[in-house]
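What follows is one structure encoded as structure tokens, with my remarks underneath.
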Amino acid sequence: MTGTKPSSRVQVRQNRDFMADPLSLLARRLSPAFAAVAGGEVDPVVRPSEHADAQVNGALALAKKLGKQPREVVAQVLDIAGDMSDMCTDLQVAGPGFVNVVFAEKFLAEQVHVAMASEALGVAAAPVKRKYVVDYSAPNVAKEMHVGHLRSTIIGDALVRMLTFVGHIVVRENHIGDWGTPFGMLIEHLVDLGEADAAHELGVGDLDGFYKEARRKFEADDVFKERARARVVALQGGDPDTLRLWKTLVNESTKYFNHVYGLLDVLLTDDDLAGESKYNTLLPQVVDRLAKLGMLVESDGAEVVFPAGFTNREGDPLPLIIRKGDGGYNYATTDLACVIDRVENIGAEASLYVVGAPQAQHLQMIESVSRTAGWLSDDADMVHVAFGSVLGADRKMLKSRSGDAVKLASLLEEAVDRANRAITEKNPEMADDQRAQVAKMIGIGAVKYSDLSSDRVKDYVFDWDRMLSFEGNTAPYLQYAHARICSIFRRAGVERESVRHVVPTLDAPQERSLALRLLQFDAAVWDAIDKYSPHRLCTYLYDLASDFTSFYEHCPVLRAESDSMRNSRLFLCDSTARVMNAGLAVLGIRSPEMM
23 MTGTKPSSRV QVRQNRDFMA DPLSLLARRL SPAFAAVAGG EVDPVVRPSE
73 HADAQVNGAL ALAKKLGKQP REVVAQVLDI AGDMSDMCTD LQVAGPGFVN
123 VVFAEKFLAE QVHVAMASEA LGVAAAPVKR KYVVDYSAPN VAKEMHVGHL
173 RSTIIGDALV RMLTFVGHIV VRENHIGDWG TPFGMLIEHL VDLGEADAAH
223 ELGVGDLDGF YKEARRKFEA DDVFKERARA RVVALQGGDP DTLRLWKTLV
273 NESTKYFNHV YGLLDVLLTD DDLAGESKYN TLLPQVVDRL AKLGMLVESD
323 GAEVVFPAGF TNREGDPLPL IIRKGDGGYN YATTDLACVI DRVENIGAEA
373 SLYVVGAPQA QHLQMIESVS RTAGWLSDDA DMVHVAFGSV LGADRKMLKS
423 RSGDAVKLAS LLEEAVDRAN RAITEKNPEM ADDQRAQVAK MIGIGAVKYS
473 DLSSDRVKDY VFDWDRMLSF EGNTAPYLQY AHARICSIFR RAGVERESVR
523 HVVPTLDAPQ ERSLALRLLQ FDAAVWDAID KYSPHRLCTY LYDLASDFTS
573 FYEHCPVLRA ESDSMRNSRL FLCDSTARVM NAGLAVLGIR SPEMM
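Numbering follows this note's numbering, in which position 579 of the sequence shown is assigned residue number 601; successive positions increment by one, without gaps.
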């Protein structure tokens, strides 16, 4: 699928108001000099460097374009730029013609002070607010959520939070499976049980048992099978009593979904439900509109569209089935109706589908048909945010001991229980109610972070010991870093707000490294958004926690040599805690103040 087009992304990067990011400020400072040499606007190409604070690489491509030596171009640029000592203490031309840059300590100190004074801690708002629809979670009615729903829900929730954080308008859509032929057997099974008993069975969360028993009866009992098929016809025909029974299934399942979402601490509510049933009235319109455009053709008795460029293994054109031979609609019809609704009714400028990687071709075909039909303009984005699978220790799909898919509610409850035991061991004096709150933050945070810190397109191994460890790139390690900073202020008897007016001094290399890392929060958030990849923000937060650990080990805070140094270091502590808290919150993870 297309994603945001490269040209538009470049423009977003250039137009965004980088508040205090030193790399961006350096690029702005050098842009006029590069433009003067080039005879037009050109990107200075400022990047982080392992050998300095930053590296300017723009002269390499520019020299090739001008037919000059890169070092000659660099010399011209630096001559035009003039004195930059207020920003840099060293501009060293190296290699074939890139520039290693070392920022001045005073400049960094001022920029980190400016960044931390802003509400978003230096993260720039989107230059143009776009309306996003994010399609995620999508469980099925009368079926329990299992570990397969984990990634969609967690990744989708993080993307919603990130997009909202920078000012975009975000519409959450939970496209639940609440329609189709299985509901004939489910409703008939409900009737057999009696509405009260069925509601109780569903209400206690035994959705899998309910579904399996309905399926068993459907396969074993021909009379029940005929009743189920007749019930499907009644449901699709709008029979009032059948719709009432169907609504019972949906309502009881929704209560269960909400229980899981409460455990997982995500933003989804009943207002975000957008089941397949929502689009029933649009399905005939999809067929009519495609027919009028001349896109609909008959193939083997069905009405289909052949999107350009899609073929099967034999090389024959691959059809997207719109209406089956029996007159029934297909998943593709509903997905096309979704596109129409999201663009024409909601006004979405970008739609994100947080769906497993196996759905890639299907969604590509949906996009192709939608663009050919004119429902998706060139400016509208349709993005498949694909993800891999959750694996067990054997590197196969994660299963329970019985061989079934792991129930999500059970997994989350176990995470909290394991966290509770770990906290009891580390801090046995913590009050029970406080320990329960912290255990939920750590347990759920551990599950979320283990998922989000992995590149979403890859499979990852579910490992309790690793994800709940207080060492390494884990949520408990980051949460502990935040809690440790909070404890510094408690021990000092100092209110954190009282040091926020301070412009820090960055004499020690660890102070300087920490300040530089704090100033990279903007770039980390936007990098994660640009690539729809939360793991990039996770990597930043881990690096921030590591830098803080080094700072804390080498730079005494409460035993600093002077009051001014103490306040400067307290400022850096507070800033780190604020960025850590904000970064974890953007990922949907809470930060306890005591562990």
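All C-beta atoms, glycine included, are put in the ideal place defined by N, C-alpha and C. The structure presented is a predicted model; accordingly, all values stated were derived computationally and were not measured.
Open item on the list: On a Cα-Cα basis, can you pick out the residue from Y278, T276, K277, L257 that is closest to W268?
Closed with: L257
Task: Range covered by the alpha helix (DSSP H) that runs through N603 - done: 585–608
Task: Between the CA atoms of M489 and R506 - distance to the nearest angstrom - done: 19 Å
Task: Proximity of L606 and D569 at Cβ, strictly below 8 Å - done: no
Task: Alpha-carbon spacing of H281 relative to A468, whole angstroms - done: 19 Å
TODO: Just grab the DSSP bridge partners of G331 for me.
DONE: For G331, which the question treats as bridged, DSSP gives no partner whatsoever.
Task: DSSP-derived helix/strand/coil call for R237 - done: helix
Task: Distance cut-off 7 Å: R251 Cβ against heavy atoms of the ligand ADP - done: Absence of the ligand ADP is noted for the structure shown, with no ligands found whatsoever.
- [ ] Pull up the distance between the alpha-carbon of E371 and that of E583, whole angstroms please.
- [x] 55 Å
- [ ] Would you check if the stretch 558–578 and the stretch 586–602 touch, i.e. whether three or more CB-CB distances between them fall below 8 Å?
- [x] yes
Task: Exposure label - P66; buried when at least 16 CB within 10 Å - done: buried
TODO: On a CA-only basis, which of P526, F409, H576 is nearest S159? Give me that one, please.
DONE: F409
- [ ] List the residues that DSSP assigns as beta-bridge partners of V123.
- [x] A76, L113
Open item on the list: According to DSSP, simplified to helix, strand and coil, what is P556?
Closed with: coil
TODO: Could you pull out every residue in the same chain whose Cβ sits closer than 7 Å to the Cβ of L113, ignoring the five residues on either side in sequence?
DONE: L100, M106, V121, V123
Open item on the list: Taking the straight line between their C-alpha atoms, what separation do you get for R539 and V308?
Closed with: 51 Å
Open item on the list: Buried or exposed for N79, going by 16 or more other Cβ atoms inside 10 Å?
Closed with: buried
Task: Cα-Cα separation between V255 and T355, rounded to whole angstroms - done: 19 Å
Open item on the list: Using the three-state DSSP reduction, which class does I611 fall into: helix, strand or coil?
Closed with: coil
TODO: Compute the distance between the beta-carbons of Y442 and H504, then report whether it is under 8 Å.
DONE: Tyr is not the amino acid found at residue 442; the sequence shown has Asn there. No. Outside cutoff.
- [ ] Return the chain-ordered list of same chain residues with a C-beta closer than 7 Å to the C-beta of A382, the five sequence neighbours on each side being excluded.
- [x] H406, A408
Open item on the list: Closest to H190 by C-alpha separation, out of I209, S174, A146, would be which residue?
Closed with: A146
Task: Residues near V319 in its chain [Cβ-Cβ closer than 8 Å; skip 5 each side] - done: E325, V326, V327, F328
Open item on the list: Buried or exposed, going by whether 16 or more other CB atoms sit within 10 Å of the CB of T496?
Closed with: buried
Task: Check whether T270 and R253 have beta carbons under 8 Å apart - done: no
- [ ] Tell me S321's beta-bridge partners as DSSP assigns them.
- [x] A324
- [ ] For E210, count neighbouring C-beta atoms within 10 Å of its own C-beta (all shown protein chains included) and say buried if the count is 16 or more, exposed if not.
- [x] buried
- [ ] Please specify which runs of the alpha helix (DSSP H), each continuous and at least 4 residues long, are wholly inside the stretch 487–553, giving them in chain order.
- [x] 497–514, 531–540, 543–552
Task: Nearest-angstrom Cα separation, counted from V134 out to P54 - done: 25 Å
TODO: Reducing DSSP to helix, strand and coil, say where E217 ends up.
DONE: helix
Open item on the list: Whole angstroms are fine: how far does the CA of R522 sit from the CA of T561?
Closed with: 26 Å
Task: Residue of S432, Q386, E517 minimising C-alpha distance to L340 - done: Q386
TODO: Tell whether a beta-carbon distance below 8 Å holds between A180 and G610.
DONE: yes
- [ ] Enumerate in chain order the residues of its own chain whose CB-to-CB distance from V272 is below 6 Å, with the five nearest sequence positions on each side excluded.
- [x] V163, D200
Open item on the list: Alpha carbons only, please: which of I177, M138, T333 is nearest the one belonging to K470?
Closed with: I177
Open item on the list: Which residue marks the beginning of the alpha helix (DSSP H) containing Y283, and which one marks its end?
Closed with: 262–286
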